[in-house]
Amino acid sequence: MKIPDSAFLSRVLDGLKQAVLLSDSAKTVRFMNGAAEDLLHFSAQRAVGQPVMDVVPLGMILQAALIAGAEGTTTTLRQTPLRRVNPPSEINVDCTVSALPLGEGSDYMIIELNQVDHLRKIAQETWLQDRQGAFGDVVRSLAHEIKNPLGGLRGAAQLLDRELPKQNTLREYTRIITHEADRLSGLVDRLTGGYRDIKREPFNLHAVLEHVRKLTLVEIPLGLDVDRDYDPSIPDVVGDREQMIQAVLNIVRNAVQAMGSRGTILLKTRVRRQHTLHGQRHRLVVEASISDDGPGIDPQLIDRIFFPMVTGRADGTGLGLAITQEIIRRHNGVIECTSEPGKTRFSIFLPMGHRP
């Protein structure tokens, strides 16, 4: 039995941002769109012909909803835990099951899934973007107001140093002034690093990751290693190669500092389908992840790590991840972080085929 006008229907459903599956009277999957593949971590090729209960593991409540749907009743399951297998993870979904009127004698059911956590994440991303945008405006204004007098202060200290006799103890203070002016100027440069105009040129993301890997291997102790797992099919992305190097390097250096003398950092790339960036659904995006097996991030900091001046280290400035987040945002991308003891993962998502 074939779905009427299946080619047209498949194109329509596959273009939806909503995760959608179709099942037949035997409660087997007949169709699964790209958004459902992305949500369930289950390919349509594997899913078609499998029992719905195996593909959408919601238990007996889904079976009851399918039975009710066959009798003409639409059922919505709110904030229901769904356990994904590969990789293991649990999400909360809203699931709606209803009959699909494809004609007389049709026993098809449509199953719509919406990740509740995902909606919260989109709202959080929007809020974070607004905060970062406002922070960027403040940084640019402050940079101008601070660097001008710093330059004058440094110049005056140098002139005074030249006028003082070589053995005069006051020269120590002029050198301190010069040193501190340089330090503050460098801090301002770091603050504004993520807010400079970006170039818009194609570059190889793997070349960026390899560059960071080589830099890191020179600096780290012998007990640390940096592995990689790249998808060779990923095309060039468009943006600023140098700024992307800085963004990734900030993450990797944080990982090195957190891990101590032993452990492994993994650089990994993959293509993701039907992924949402800044509220817009993209058919294909690139994911570059940086994982480590260190102690993890303090749970009290995890929701604020991309804010400026937030750090878990006594000697940290709290600027690196804020700058990284801004660089990724200016490439129309998104950065996410998950962390637990023994596993911290930063994931950078960038659109494919779009100019920033």
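All the letters of the sequence shown, read from the start, carry residue numbers 596 to 951 under the working numbering. Note that beta-carbon positions come from the ideal geometry of N, C-alpha and C, so glycine has one too. For clarity, every value in this text was computed on a predicted model and none was experimentally measured.
Since GLN852 is in the alpha helix (DSSP H), which residue starts that stretch and which ends it? 836-854
Between the alpha carbons of ARG625 and VAL833, how many angstroms are there, rounded? 38 angstroms
Simplified DSSP state of MET947, which is helix, strand or coil: coil
GLY644 classed as buried or exposed, judged by whether at least 16 other C-beta atoms fall within 10 angstroms: GLY644 counts as exposed, since fewer than 16 other beta carbons sit within 10 angstroms of its beta carbon.
If we ignore side chains and look at the alpha-carbon of each, how far apart do LYS846 and PRO646 end up? The sequence shown places Ile at residue 846, not Lys. Going by the C-alpha atoms only, they are around 42 angstroms apart.
Specify the secondary structure class of ILE686 as computed by DSSP and reduced to three states. strand
Just the Cα atoms here: how many angstroms apart are ASN681 and ASN743? 55 angstroms
Per the DSSP calculation, GLY954 is bridged to which residue(s)? Here the chain covers residues 596 to 951 and nothing more, so residue 954 does not appear.
Could you check what DSSP says for GLN710 in three-state terms: helix, strand or coil? strand
Flag this pair as yes or no: are the beta carbons of LEU611 and ALA630 separated by less than 9 angstroms? The Cβ atoms of LEU611 and ALA630 lie closer than 9 angstroms to each other.
So, helix, strand or coil for ILE900, using DSSP? coil
Under 9 angstroms between the Cβ atoms of LEU861 and ILE900? no
Can you find at least 3 beta carbon pairs, one from the stretch 881-896 and one from the stretch 848-867, that sit closer than 8 angstroms? At 8 angstroms Cβ cutoff, the stretches touch.
Identify, in the order they occur along the chain, each residue of the same chain with its Cβ nearer than 6 angstroms to the Cβ of LYS794, setting aside the five sequence neighbours on each side. Same-chain partners within the cutoff: ASP835.
Excluding the 5 residues flanking ILE815 on each side, which residues of the same chain have their C-beta closer than 8 angstroms to its C-beta? VAL821, VAL851
ARG770, buried or exposed, once every other Cβ within 10 Å from all chains shown has been counted against 16: exposed
Considering only the beta carbon of each residue, do GLU707 and VAL615 sit closer than 9 angstroms? It is a contact, given that the beta carbons lie within the stated cut-off.
If we ignore side chains and look at the alpha-carbon of each, how far apart do LEU879 and GLU935 end up? 28 angstroms
Among the residues of its own chain, which have a CB less than 6 angstroms from the CB of ALA642, if the five just before and after it don't count? VAL624, MET627, VAL650
ASN927 to ARG865 span [Cα, whole Å]: 18 angstroms
Using the C-alpha atoms, what's the distance from ILE930 back to ALA917? 11 angstroms
Closest by C-alpha distance to THR871, when choosing among TYR825, ASP633, VAL692, THR919: Closest in alpha carbon position to THR871, among TYR825, ASP633, VAL692, THR919, is ASP633.
Return the bridge partner residues of GLN875 from the DSSP annotation. LEU872
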